[in-house]
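Residue numbers for the sequence shown follow our numbering, beginning at 4 and rising by one. Idealized CB from N, CA, C, for every residue including glycine. Keep in mind it's a predicted model, so treat the numbers as computed, not measured. For reference, the structure discussed in these notes is given below.
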Amino acid sequence: MRTFILRARKSVTKPFDIDDLSSAGNMQVVASCIGNALWVSNNVRSDTVVHVVLEGPPTPPLTVTFYGAAIKDLPFDERGIAFFVNKAIKKSIKMGDSKEVSPGVMVSRKSFEEVVKAHTETSAVFYLHPKGKDVRSVEFTEDVTFVFGDYIGMPEKSESFLDKLGAERVTLGPVVLFASQCVTIVQNELDRRK
Ligand SMILES: C[S@@+](CC[C@H](N)C(=O)[O-])C[C@H]1O[C@@H](n2cnc3c(N)ncnc32)[C@H](O)[C@@H]1O
């Protein structure tokens, strides 16, 4: 299984206008990461799960999870994917710990740390960082998890948390990329090793 965990530090946790994603804490970053992780030409990757941890106002954190194997009718454009995220946020109002939003989409109150920690038990965890080990020299096992930041990046204390958990830093190259570009490159790297 391929898992991506995006920390979206300003993306809102309240319903937003899908025609104005920038005002929702740059929700277009979240949507493009989901799209790039799950979509290939004419198909959704069934071997991929994406967790987006929304940490914007008013009630962070909220984690929306997309399961490629179960999702139905996922749009491939940012606005359409944002509609799914918005639906998850609306369903989270007055929920307990977690809820199914639609087939293959879940929402929970898990924090970034909780989501990452849970994956260390079942998967090798890597932190995407421009100054890590070259992705081309990393050996990947079947179950891999990639943690990455949004346009703001990862706070220092979270980097220490990831180091303590043993998440290896992996670089995709010398240039700092958009989060959504990182997802495409990782997927391609894994595809080429099948
Ligand atoms: C747009 S970048 C963040 C830029 C932010 N201003 C910073 O300095 O961290 C989004 C995320 O993509 C990942 N990333 C960007 N370029 C990368 C690279 N060359 N190799 C590995 N990960 C990268 C990192 O996880 C980063 O937090």
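Same chain, Cβ closer than 6 Å to residue i, neighbours up to 5 away in sequence not counted
i, result
"S114", "P64"
"F149", "F7, F129, L131 and V189"
"E58", "R12 and P64"
"S95", "L65 and V110"
"G71", "L41, V47, R48, S49 and T51"
"C36", "L9, A182, S183 and V186"
"G152", "R10"
"K90", "V104"
Beta-carbon proximity check, residue i vs residue j, cutoff 8 Å
i, j, result
"P106", "I74", "yes"
"P60", "V15", "yes"
"V32", "S140", "no"
"M4", "D146", "yes"
Closer than 7 Å: residue i CB and nearest ligand 1 heavy atom
i, result
"H122", "no"
"L168", "no"
"G152", "yes"
"C185", "yes"
"F7", "no"
"P133", "yes"
"V147", "no"
"G38", "no"
"A182", "yes"
"G28", "no"
"M157", "yes"
"L175", "yes"
Beta-carbon contacts of residue i that lie in its chain and below 8 Å, excluding the five residues immediately before and after
i, result
"S101", "M109, V110, S111, R112 and K113"
"H122", "T6, I8, V128 and T148"
"T168", "According to the sequence provided, residue 168 is Leu. The question's Thr does not apply to it. Same-chain partners within the cutoff: V119, K120, T123 and V128."
Own chain, CB closer than 7 Å to residue i, minus 5 neighbours either side, in chain order
i, result
"F79", "G38 and W42"
Worksheet item: Is it a yes or a no for the stretch 20-28 touching the stretch 45-54, going by three-plus beta-carbon pairs under 8 Å?
Response: Cβ pair count under 8 Å is below three, so no.
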